[in-house]
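Novice: I am attaching a structure below and will ask some questions about it afterwards.
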DNA sequence: ATAAACCTACCGACCGGTCGGTAGTATAAG
DNA sequence: CTTATACTACCGACCGGTCGGTAGGTTTAT
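Protein chains in written order, with our numbering: chain A, 57 to 243; chain B, 57 to 243.
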């Protein structure tokens, strides 16, 4: 048994029940250990949550950076970034659901350790939009506000997306990208 | 002391701590009652949560219906609907935060009682978009998907919006409406 | 008019159960 | 033989919820 296996199970349990409703007992049972044995690998329940949030963000930042480093027009880059991001939410759904929904269950001391990573992530999106504005591909707009709108569209999918649903994450990404780039209104 | 006062305090406590982390003790203290006295007004903690969710949805449905009943082009109606909705999230932030974030803390039996109301609410948005498509104001698009994108943009604001922040809910609404209607891309 | 009966709102004390976490010990690997 | 890993047993604190009881207003019967 190692940290990663425990984290994987913890993500599943916490995603399903929520952080506070998920007990160390529940997590232990999911990896066939005694509750006390978890404290050999992690010093507290909060440490487990923090590790999950950091792991999730690391994955997202790494994947996204790959796309953003390419030499492409901003609209095409945005399309690809949305694809990679929504694909990651799908592929690592337990981890990313915990990231997005249980962030607020982090105690203040732990949250302070986590926030810089989160800022780094959000800046990636802001910079992409800024780039699009400066190159004239996008409308003049506040990049911070647009980034939040964009993240809202995508992050909210975790509340309704089901892998066995009508649309794949790729199809959702295509439709959302079209909507974000060209809007609802016909012209 | 009456039900409404208790609900108001409960919304505040639950929003701040999350449903499972908020104890009946916490709620009682917020209204200067003993924990046991809460059980004179509500039969269980779940009943309190359900009452909060229903109350929140009732407010949102009522306000939204008023806007949607007007005779207006779909794009203008959407603009107003977003204004009313984001205004409501702001004005009743405790209640609506609980609605959006603690929905999944409802036990299955209670959730079943709540879901019809939620469907009614989401249908309002879907119908508005459908109307825009049929009248030719909006692009041909899947109304369910577009509604989810739209709700995502707006609902996600509860994770970052602060009433004392840089923008008022009205300003945010204007910017988001522009973005949703015309998209990021310049043409 | 008066007293008995009832009702609402609340309280302090307590229930069984579960929580996160700790101490000490057994077992397996190197 | 040592170290890493997992175990059993246990802790105090707190959980949601129940209990019997009470203060005080209202309704009903005499």
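Glycine included, C-beta positions come from ideal geometry on N, C-alpha and C.
1) In the DSSP output, what is residue 98(B) paired with across the bridge?
2) Within 10 Å of its beta-carbon, does residue 212(A) have 16 or more other beta-carbons around it, so buried, or fewer, so exposed?
3) What do you reckon, are the CB atoms on residue 106(B) and residue 59(B) nearer than 8 Å?
4) Go through its chain and collect everything with a Cβ distance to residue 87(A)'s Cβ below 7 Å, but skip five positions before and after it.
5) DSSP three-state call for residue 242(A): helix, strand or coil?
6) Quick one: which residues of the segment 172-204 of chain A get their C-beta closer than 8 Å to a C-beta of chain B? List them in chain order.
7) Any beta-carbon of chain A closer than 8 Å to the one on residue 77(B)?
8) Under 8 Å by Cβ, that's how I've got residue 152(A) and residue 205(A) pegged, so tell me the actual separation to the nearest angstrom.
9) Report the rounded CA-to-CA distance for residue 85(B) versus residue 91(B), giving the unit in angstroms.
10) Since residue 115(B) and residue 148(B) should fall inside the 8 Å C-beta cutoff, what is the C-beta to C-beta distance between them, to a whole number of angstroms?
11) Would you mind reading off the limits of the alpha helix (DSSP H) that contains residue 214(A)?
12) Taking DSSP's pairing of strands, which residues face residue 232(A) in a bridge?
13) Which residue spans inside the segment 135-161 of chain B form an unbroken alpha helix (DSSP H) run of at least 4?
14) Name the residue from 166(A), 120(A) and 130(A) whose alpha carbon lies nearest to the alpha carbon of residue 99(A).
15) Thinking residue 225(B) and residue 150(B) are a contact (beta carbons under 8 Å), I'd like their distance in whole angstroms, please.
16) Taking contact to mean 3 or more Cβ pairs, one atom from each stretch, closer than 8 Å, check whether the segment 121-133 of chain A and the segment 184-198 of chain B are in contact.
17) List the residues of chain B that residue 161(A) touches, going by C-beta distances under 8 Å, in chain order.
18) Within the 8 Å Cβ cut-off, does residue 135(B) reach chain A?
19) Which residue from 72(B), 126(B), 121(B) and 128(B) puts its Cα closest to that of residue 155(B)?
20) Please state the DSSP three-state secondary structure of residue 223(A).
21) Could you tell me whether the Cβ of residue 211(B) comes closer than 8 Å to any Cβ of chain A?
22) Going by other Cβ atoms of all chains shown within 10 Å of its Cβ, with 16 needed for buried, is residue 229(B) buried or exposed?
23) Going by other Cβ atoms of all chains shown within 10 Å of its Cβ, with 16 needed for buried, is residue 199(B) buried or exposed?
24) Do residue 120(B) and residue 180(B) count as a contact pair if the criterion is CB distance below 8 Å?
25) Assuming residue 209(A) contacts residue 69(B) (C-beta within less than 8 Å), just tell me the rounded distance between them.
26) Between which two residues does the alpha helix (DSSP H) harbouring residue 65(B) extend?
27) Can you check whether the CB of residue 74(B) is closer than 8 Å to the CB of residue 76(A)?
28) Taking 7 Å as the limit between beta carbons, can you name the residues of its chain near residue 3(B), skipping five residues before and five after?
29) According to DSSP, residue 194(A) sits in a beta bridge with which residue or residues?
30) Residue 221(A) CB to nearest chain B CB: under 8 Å?
31) So residue 239(B) and residue 237(A) are in contact, right, with Cβ under 8 Å, and what is the actual spacing, rounded?
Specialist: With the structure as the only source:
1) Beta-bridge pairing links residue 98(B) to no other residue.
2) buried
3) no
4) 57, 61, 62 and 65
5) coil
6) 185, 188, 192, 193, 194, 195, 197, 198, 201, 202 and 204
7) yes
8) Rounded, the Cβ-Cβ distance is 19 Å, inconsistent with contact.
9) 8 Å
10) 6 Å
11) Neither: residue 214(A) is in no alpha helix (DSSP H) and is coded neither H nor E.
12) Per DSSP, none; premise fails for residue 232(A).
13) 149-157
14) 166(A)
15) Residue 225(B) to residue 150(B), Cβ: 15 Å. No contact.
16) no
17) 74 and 77
18) no
19) 72(B)
20) coil
21) yes
22) buried
23) buried
24) yes
25) Going by Cβ atoms, the distance from residue 209(A) to residue 69(B) rounds to 30 Å, so no, they are not a contact pair.
26) 59-73
27) yes
28) Nothing in the structure corresponds to residue 3(B), since chain B is present only between 57 and 243.
29) 241(B)
30) no
31) 5 Å
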